[in-house]
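Please read the structure below before turning to the comments.
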């Protein structure tokens, strides 16, 4: 059980580590854990929109896709041009001694390969999570998200991801509470 506690504390570190791309954006901030939660919730929604996908696998993939960043940190697109991360090694150390945890490395590998339907949806959810943050910043008056949003849209691969992107881009971030859905 000590090894499980170690794993839980390691993954908990994602709450304390911020995503680094926001420094280049000049606005906003988000922890890796916040990003993973948003991505996982998007996958929960996508699983309901995509009959036949393995919902548990899709959501699990989103939960663990950035787990190695507890060891490697978050490298944004600029950092990745100059640094190489040994993610398989970091994941191996993350799950060391936990036979059942090999599923984590399998999920991360499937996510990175992006070949299965679940991996494609999870990758789109990863991008849509960023899009939600960028759209909020744009709605609040930041100008830099405008130049980033087209790149995020271009990375979407599934029809479901593209449809959600259109809705996100066409909706103000704070409209949900003014719609008055209660009866």
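Residue numbers (full-length UniProt numbering): 1 to 183.
Glycine is no exception: its CB is placed at the ideal position from the N, C-alpha and C atoms.
Ranked by how close their Cα comes to the Cα of residue 37, the residues 54, 66, 26, 23 have 66 in first place.
Under DSSP, residue 18 forms a beta bridge with 31.
Within the region 145-175, not a single complete beta strand (DSSP E) segment reaches 3 residues in length. Beta-carbon to beta-carbon, residue 32 and residue 69 are separated by about 5 angstroms, close enough to satisfy the 8 angstroms threshold.
The beta carbons of residue 39 and residue 119 sit no closer together than 9 angstroms. For residue 87, the three-state secondary structure derived from DSSP is helix. By the beta-carbon neighbour count (other beta carbons within 10 angstroms, threshold 16), residue 164 is buried. Burial check for residue 83: the Cβ neighbour count within 10 Å stays below 16, so the residue is exposed. With 16 or more neighbouring CB atoms inside 10 Å of its own CB, residue 47 falls in the buried class.
Residue state for residue 2 is assigned as helix, using DSSP reduced to three classes. Residue range 117-139 is occupied by the alpha helix (DSSP H) that includes residue 133. When rounded, the separation of the alpha-carbon atoms in residue 155 and residue 35 is 17 angstroms. Rounded to whole angstroms, the separation of the alpha carbons of residue 114 and residue 133 is 23 angstroms. Three or more beta-carbon pairs separated by less than 8 angstroms link the region 89-98 to the region 6-21, which places the two stretches in contact. Short of 7 angstroms from the beta carbon of residue 44, and not among the five residues preceding or following it, lie these beta carbons of its own chain, in chain order: 59. Distance from the CA of residue 61 to the CA of residue 122, rounded to the nearest whole angstrom, comes to 7 angstroms. Residue 27 and residue 137 do touch by the CB rule: their CB atoms are close to 5 angstroms apart, below 8 angstroms. Sequence-distant partners of residue 72 (beyond 5 residues in either direction) whose C-beta falls short of 6 angstroms from its own C-beta, in its chain, are 85, 90. Runs of the beta strand (DSSP E) spanning 3 or more residues and lying entirely within the region 53-82 do not occur at all.
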